[in-house]
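Using our numbering, read the sequence shown as starting at 5 and increasing by one per residue.
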Amino acid sequence: MSTDSTSSASLPTPASPDPAPHIGGAADPPTPGGEDHLDSAVEAEIDADLDQLAIGTAEVLPAAGLRALLRTARREQRPLRIKLGIDPSGSELTLGHAVVLRKLRQFQDLGHTAVLIIGDFTGRVGDPTGRNETRRVLTAEQTADHSATYLEQAVQILRPDRLEVRRNSEWLGSMDFSEMLGYTSMLTVARLLERDDFAKRYSEGRPISLMEFMYPLMQGLDSVFVHSDVEIGGTDQTYNNLVGRTLQAQLDQPAQVVVTVPLLRGTDGGDKMGKSLGNFIAIREAPSEQYGKVLSISDDLVMHYAELCCAWTRAELAACEAELAADPFSGEASRRRRGSWRCTTAPGRPAMPPSTSIGAFAAASWSPMISPRTRCRPTAPSPSSTCSPPPASPPRSPTPDGFSPAAVCASTG
Numbered sequence: 005m006s007t008d009s010t011s012s013a014s015l016p017t018p019a020s021p022d023p024a025p026h027i028g029g030a031a032d033p034p035t036p037g038g039e040d041h042l043d044s045a046v047e048a049e050i051d052a053d054l055d056q057l058a059i060g061t062a063e064v065l066p067a068a069g070l071r072a073l074l075r076t077a078r079r080e081q082r083p084l085r086i087k088l089g090i091d092p093s094g095s096e097l098t099l100g101h102a103v104v105l106r107k108l109r110q111f112q113d114l115g116h117t118a119v120l121i122i123g124d125f126t127g128r129v130g131d132p133t134g135r136n137e138t139r140r141v142l143t144a145e146q147t148a149d150h151s152a153t154y155l156e157q158a159v160q161i162l163r164p165d166r167l168e169v170r171r172n173s174e175w176l177g178s179m180d181f182s183e184m185l186g187y188t189s190m191l192t193v194a195r196l197l198e199r200d201d202f203a204k205r206y207s208e209g210r211p212i213s214l215m216e217f218m219y220p221l222m223q224g225l226d227s228v229f230v231h232s233d234v235e236i237g238g239t240d241q242t243y244n245n246l247v248g249r250t251l252q253a254q255l256d257q258p259a260q261v262v263v264t265v266p267l268l269r270g271t272d273g274g275d276k277m278g279k280s281l282g283n284f285i286a287i288r289e290a291p292s293e294q295y296g297k298v299l300s301i302s303d304d305l306v307m308h309y310a311e312l313c314c315a316w317t318r319a320e321l322a323a324c325e326a327e328l329a330a331d332p333f334s335g336e337a338s339r340r341r342r343g344s345w346r347c348t349t350a351p352g353r354p355a356m357p358p359s360t361s362i363g364a365f366a367a368a369s370w371s372p373m374i375s376p377r378t379r380c381r382p383t384a385p386s387p388s389s390t391c392s393p394p395p396a397s398p399p400r401s402p403t404p405d406g407f408s409p410a411a412v413c414a415s416t417g
């Protein structure tokens, strides 16, 4: 039967987000040298921002893309839209999740908008990345329950005043079959089989469901529908993130820049921290449990955890590494460093006694983000509640000492 093919030109174009307030404080004055020219002081600030963002970053694709976007943001006086998607596959977030959430928070502190996508639709399929078999399909009720707990935990790290929360069921759940067929024409099976996990399963004769083939497409469409400028993900998400670039370009949107972070290794030294592997530290675990698990990691993981989980500068990381190198046998420096992580606080705040800290890397990770009081007892209201977000602070200023998690407002319920 002969039919007309669906072209990308016939597909609906997602509406652009509402214009956002400018970034960088007062508008930069016009300077000579053309519209691409920026003042040397602004260029220096961008260099400093890039240096800080580079800590704990594995790769930026394309390599010069992030600098170009930061320059555009300053020139056009608008915040960038920084996307992170999380599938609610369980009820707990781990320190592995906190690594990407912290990177998202770094962008917020530079004045940009975090777009957190709760994958309540994709979560039912499950990300096939790194899997040698098809995942069990979750029910809508299960993903709804997990979504609520994820949001409560995520706002302990992210700033609600610069946070936009979306659920991808908003667009994927209402898409008709003919529209989805149009999007599938933008990817080929040959390209999908470039993925190592798919290629391995195919060569071994293991089944790959069409539903799993659709997962990278659905994640890529998330970028299209939220008009993301940057997408953050673990190194295992590079392929999926690049699909987002492909779809945006084919739909005449600016292609997002992909920023990947290393996967946090498990407490047992495994390649990845994961709930199914039993080698994780949960964000909501008791401080004593967190601290005990951190003490159990091997000394060769100390710098890996320090770089990914602690809000330390390059100088502080170098000091830690030097201290460990000077004491390679007794392990005393390692133990001393782990003990200090319990009390790591933002500049100007008193260190907390170990008995009331959140424990180990969680404290170091969250210290610039949450006040000591909140760090002991997170009190995020239900995400379904209606609230007014806290007043916006100057884009480049640190978080106020009294900052505490707030519910994501009615628009995210």
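Positions of the beta carbon are idealized from the N, C-alpha and C atoms, including for glycine.
What did DSSP end up calling residue i once you bin it into helix, strand or coil?
| i | result |
| --- | --- |
| E168 | strand |
| I121 | strand |
| E208 | coil |
| G237 | strand |
| V104 | helix |
| L176 | helix |
| P18 | coil |
| A259 | coil |
| W370 | Because W370 carries a pLDDT of 37, less than 50, the predicted location of this residue cannot be relied on, and the following value inherits that uncertainty. In this structure, W370 counts as helix in the three-state DSSP scheme. |
| A286 | strand |
| L155 | helix |
| R163 | coil |
| L305 | helix |
| L142 | coil |
Quick check on the DSSP output: the beta strand (DSSP E) that includes residue i runs from which residue to which?
| i | result |
| --- | --- |
| R85 | R85 to I90 |
| E198 | Where E198 is concerned, there is no enclosing beta strand (DSSP E), given that its DSSP letter is neither H nor E. |
| E63 | E63 to L65 |
By the 10 Å Cβ neighbour count, where 16 or more other Cβ atoms means buried, how is residue i classified, buried or exposed?
| i | result |
| --- | --- |
| V298 | buried |
| K87 | buried |
| D40 | exposed |
| T147 | buried |
| E80 | exposed |
| S232 | buried |
| P21 | exposed |
| V193 | exposed |
| S93 | buried |
| D113 | buried |
| D51 | exposed |
| P211 | exposed |
| D275 | exposed |
| F181 | exposed |
| T317 | exposed |
| E3 | For the chain, the structure presents residues 5 to 417; residue 3 sits outside this window and is missing. |
| D55 | exposed |
| D124 | buried |
Where do the ends of the alpha helix (DSSP H) carrying residue i lie?
| i | result |
| --- | --- |
| G248 | T242 to Q254 |
| T76 | G69 to E80 |
| S182 | F181 to T188 |
| S227 | L214 to V230 |
| S300 | Unbroken run through S300: none, as it is neither H nor E. |
| I50 | S44 to A58 |
| A330 | Per DSSP, A330 belongs to no alpha helix (DSSP H) and is neither H nor E. |
| T271 | T271 -> no alpha helix (DSSP H), and no H or E assigned at all. |
| D127 | One point to set straight first is that residue 127 is Gly, not Asp, in the sequence displayed. Note, G127: alpha helix (DSSP H), T126 to V129. |
Quick one: what's residue i bridged to in DSSP?
| i | result |
| --- | --- |
| T264 | E63 and G237 |
| T317 | In DSSP, T317 forms no bridge with anything. |
| S98 | It is worth fixing the name first, because residue 98 is Thr in this sequence and not Ser. A286, per the DSSP bridge assignment. |
Cβ pair count under 8 Å reaching 3, the region 108–122 against the region 280–293: The region 280–293 and the region 108–122 do not touch, with fewer than three beta-carbon pairs separated by less than 8 Å.
Measuring CB atoms only, is the region 155–162 touching the region 196–205, in the sense that at least three cross pairs come out at less than 8 Å? By the Cβ test, the region 155–162 is not in contact with the region 196–205, since fewer than three Cβ pairs between them sit closer than 8 Å.
Cβ pair count under 8 Å reaching 3, the region 220–232 against the region 243–255: The region 220–232 vs the region 243–255: in contact.
Touch check for the region 289–304 and the region 116–126: three-plus C-beta pairs under 8 Å? Cβ pair count under 8 Å is below three, so no.
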